[in-house]
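Here the structure is laid out as structure tokens; the discussion comes afterwards.
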Amino acid sequence: MRALTSVLGEDQAAFLVRQRVARLATSDGMGKPHAVPVCFALGRASIFIALDEKPKDVPVTRLKRVRNILENPHVALISDRYTEEWNLLAFVMVRGRAELLDPDTEEHAAAVRLLRGKYHQYETMRIDENPVIAIRSEKAASWGALAEPDTYGPQVLDTIHGRRSVRRYLQKRVPEDLVERVLEAARWAPSPHGRQPWRFAVFTKEATKEHLARAMGEEWRANLEMDGQSVEIVEKRLEGSRRRLLDAPVLVLICLYLEDLDAYPDAERQRGETTMAVQSLGAAAQNALLTAYDSGLDAGWMCAPLFCPEKVVEALGLDTGLVPHALLTLGYAEGDPPKRRSRRPLDELVVYRD
Ligand SMILES: Cc1cc2nc3c(=O)[nH]c(=O)nc-3n(C[C@H](O)[C@H](O)[C@H](O)COP(=O)(O)O)c2cc1C
8 MRALTSVLGE
18 DQAAFLVRQR
28 VARLATSDGM
38 GKPHAVPVCF
48 ALGRASIFIA
58 LDEKPKDVPV
68 TRLKRVRNIL
78 ENPHVALISD
88 RYTEEWNLLA
98 FVMVRGRAEL
108 LDPDTEEHAA
118 AVRLLRGKYH
128 QYETMRIDEN
138 PVIAIRSEKA
148 ASWGALAEPD
158 TYGPQVLDTI
168 HGRRSVRRYL
178 QKRVPEDLVE
188 RVLEAARWAP
198 SPHGRQPWRF
208 AVFTKEATKE
218 HLARAMGEEW
228 RANLEMDGQS
238 VEIVEKRLEG
248 SRRRLLDAPV
258 LVLICLYLED
268 LDAYPDAERQ
278 RGETTMAVQS
288 LGAAAQNALL
298 TAYDSGLDAG
308 WMCAPLFCPE
318 KVVEALGLDT
328 GLVPHALLTL
338 GYAEGDPPKR
348 RSRRPLDELV
358 VYRD
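If you read the sequence shown in the working numbering, its first letter stands for residue 8, the second for the next number, and so on.
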């Protein structure tokens, strides 16, 4: 069996490794063509494709692509990048002979590992019980800007650049599935030892928001008075903050939860552990904000709970092991979206480069 590297150039292999989907073309004994989109993984000598669509009582050999391979092993696989910037277009096409790997073989087990490593969705699918298609490549052709970055890079940056803090919302309901999407993103944030030291509380009911606003308002009033602010200013700012909470269709309170963290005998390491947990809470919040923006929602961040965590816990009847840190507001911006705040240039932020 020829190594893939003897057929594929380095740039072609690197391009294929980054692609998530390809098209597999097969043809039957009469030469009638058939093409399907496939997930694939690159091995050392072959390209592997799982068979995951088998209905329980139908053998995989009924799939058209499998019947074709059994009749005529010559196949082609093409993976391409399309973007509106045509200087970034590219494709790689591989021709070869396809075989079906039997589930009892070592090569099959290795192929399943590769496929599951690339696509987490396969972890819970029974691809290990079905044959895997292995393409023994014979020839490769390619065109375009193979080395250029893939489209997902710029899309993520578009979301990052587009997001901005919103503080006034329309009275428009936020669909529940979008709130779930935002929470799902928060759940996947990096965390120290993977302990996920955060919990979320979600509020949409007027009465709960009012209750929360009152609890935080009392503390804020005391702080503002301590700062020597005039009565009118104190009342104005408190009313502004209360309206912000009441007008936001959804509030997501992010609480620190430290009980699952490692315990150290010395205070210094324990402090480090707590700092990591707080850093991770910030990552969860940012995941949530970016996903909100990416889902067509607007969002904002309020730090108020951080200054009166016990009051918030008490007002909402939360577990006393939770430390409220951040309140995210979710909804649809009222009026023109706020202008993006400018950022310092990278030259100023990167203080050392080697
Ligand atoms: C930890 C943290 C706390 C924040 N607290 C508040 C807040 O209490 N009220 C508020 O209006 N914005 C708050 N923000 C939002 C910042 O003001 C905002 O991110 C910053 O001005 C940059 O604007 P942008 O988010 O639109 O890019 C907070 C942001 C962070 C990261």
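Note that the Cβ used here is the ideal one computed from N, Cα and C, for glycine as well. Keep in mind that this is a model prediction, so the values were computed, not measured.
{"Query": "Would you mind reading off the limits of the beta strand (DSSP E) that contains F98?", "Result": "97-108"}
{"Query": "Shorter than 7 angstroms, the distance from the beta carbon of C310 to the closest heavy atom of ligand 1, or not?", "Result": "yes"}
{"Query": "Among Q128, M132, T281, D354, which one has its Cα closest to the Cα of A270?", "Result": "T281"}
{"Query": "Would you kindly work out how many angstroms separate the C-alpha atoms of S53 and L297, rounded to a whole number?", "Result": "38 angstroms"}
{"Query": "Of all the beta strand (DSSP E) runs that stay within the bounds of the stretch 227-265, which reach a length of 3 or more residues?", "Result": "257-264"}
{"Query": "How long is the line joining the alpha carbons of T166 and V173, rounded to whole angstroms?", "Result": "15 angstroms"}
{"Query": "Output the distance between the C-alpha atoms of L107 and A116, rounded to the nearest integer angstrom.", "Result": "13 angstroms"}
{"Query": "Leaving out five residues before and five after D135 in sequence, what residues of the same chain have Cβ atoms less than 6 angstroms from its Cβ?", "Result": "V119"}
{"Query": "How far does the alpha helix (DSSP H) with E187 in it reach, from first residue to last?", "Result": "183-194"}
{"Query": "Do you know whose CA, among M8, L245, L353, L323, lies nearest E114's CA?", "Result": "M8"}
{"Query": "Return the Cβ separation of L263 and W195 in integer angstroms, given the expectation that the two are a contact with Cβ distance under 8 angstroms.", "Result": "At roughly 18 angstroms, the Cβ-Cβ gap does not stay under 8 angstroms, so L263 and W195 are not in contact."}
{"Query": "Hey, would you say P256 sits closer than 8 angstroms to K318, going by beta carbons?", "Result": "no"}
{"Query": "Along the chain, where does the alpha helix (DSSP H) that runs through D301 open and close?", "Result": "274-301"}
{"Query": "Could you tell me whether any non-hydrogen atom of ligand 1 is closer than 7 angstroms to the CB of T303?", "Result": "Thr is not the amino acid found at residue 303; the sequence shown has Gly there. False, no ligand heavy atom lies under 7 angstroms from that Cβ."}
{"Query": "Report all residues from its chain with a CB closer than 7 angstroms to the CB of V241; omit the five preceding and five following residues, and keep chain order.", "Result": "R228, L231, E232"}
{"Query": "Have a look at Y159 and Q277 and give me their C-alpha separation to the nearest angstrom.", "Result": "Residue placement at Y159 is flagged as unreliable, the pLDDT there being 48, under the threshold of 50; a coordinate-derived value is accordingly withheld."}
{"Query": "May I ask you to report which of helix, strand or coil DSSP gives V14?", "Result": "helix"}
{"Query": "At a threshold of 7 angstroms, does S172 count as lining ligand 1 (C-beta to nearest heavy atom)?", "Result": "yes"}
{"Query": "Is the Cβ-Cβ distance between D305 and Y339 less than 8 angstroms?", "Result": "yes"}
{"Query": "Would T368 and G307 be called neighbours here (beta carbons separated by less than 8 angstroms)?", "Result": "Only positions 8 to 361 of the chain appear in the structure, and residue 368 is not among them; the question remains open."}
{"Query": "Name the two residues that bound the continuous beta strand (DSSP E) containing A208.", "Result": "205-210"}
{"Query": "Could you give the first and the last residue of the continuous alpha helix (DSSP H) run that contains L323?", "Result": "316-323"}
{"Query": "Check whether the Cβ of G307 sits closer than 7 angstroms to any heavy atom of ligand 1, and report yes or no.", "Result": "yes"}
{"Query": "Taking the alpha carbon of V320 as the reference point, which residue from A222, D361, N75, S248 has its own alpha carbon closest?", "Result": "A222"}
{"Query": "Here's the rule: buried if 16 or more other CB atoms are within 10 angstroms of the residue's CB, otherwise exposed. What is Y89?", "Result": "exposed"}
{"Query": "To the nearest angstrom, how far is it from the Cα of T211 to the Cα of G201?", "Result": "30 angstroms"}
{"Query": "State buried or exposed for F98, treating a residue as buried only when at least 16 other CB atoms are found within 10 Å of its CB.", "Result": "buried"}
{"Query": "Kindly indicate which residue of S248, A57, F55, L260 has the alpha-carbon position closest to the one of E226.", "Result": "S248"}
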